[in-house]
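Novice:
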Amino acid sequence: MLSLRERGTLVLIGNITGEPIALERPAFIVMRELKITGTAAYTKREFEEAIKLIGEGAIRPFYRTYRLDQINEAYEDALNGRLVGRAVIKP
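Set out below in structure tokens:
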């Protein structure tokens, strides 16, 4: 955030991990009047249309299915760029 100008905006795109994002220097954010926003990279309407197209079979999503006992493999594949699309974990 040090590279943001005063009153600058930091945009977080698609935090797919779901993990909290720590703010190490909140006073710095306040004093410089920084704005932090996020985007999922699509609108609600676009998401609904994509779900409809998937349901109709017009498009196929990219995913790989893992068994629950393969969850560490799924994590490693995602972490190391070996996963295309999403991981689906089945119990």
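Its first residue numbered 152, the sequence shown is counted upward by one per residue in the numbering used here. Heads up, the beta-carbon is just placed ideally off N, CA and C, and yes, glycines get one too. Owing to the predicted nature of the structure, the values given are computational and were not obtained by experimental measurement.
#1: Do the region 231-238 and the region 212-219 make contact, defined as three or more Cβ pairs closer than 8 Å?
#2: Is it the case that the Cβ atoms of Thr190 and Thr160 are separated by a distance below 8 Å?
#3: Could you check the C-alpha separation between Val211 and Phe198 for me, to the nearest Å?
#4: Compute the distance between the beta-carbons of Leu185 and Leu163, then report whether it is under 8 Å.
#5: Could you have a look at Tyr226 and say whether DSSP puts it in helix, strand or coil?
#6: Cutting at 7 Å between CB atoms, please list the residues of its own chain near Asn329, excluding the five before and the five after it.
Specialist: With the given structure in hand:
#1: Flag = yes, the region 231-238 and the region 212-219 touch.
#2: Position 39 of the sequence shown, counted from the first residue, corresponds to residue 190. Position 9 of the sequence shown, counted from the first residue, corresponds to residue 160. Between Thr190 and Thr160, the C-beta spacing is not below 8 Å.
#3: Taking the sequence shown and counting its residues from 1, one reaches residue 211 at position 60. Taking the sequence shown and counting its residues from 1, one reaches residue 198 at position 47. Going by the sequence as given, residue 211 is Arg instead of Val. Taking the straight line joining both Cα atoms gives about 14 Å.
#4: Walking along the sequence shown from the start, residue 185 turns up at place 34. Walking along the sequence shown from the start, residue 163 turns up at place 12. For Leu185 and Leu163, no; Cβs fall outside 8 Å.
#5: Residue 226 sits at position 75 when you count from the first residue of the sequence shown. In the three-state scheme derived from DSSP, where H, G and I count as helix and E and B as strand, Tyr226 is classed as helix.
#6: This structure gives no information on residue 329, because the portion of the chain shown stretches from 152 to 242.
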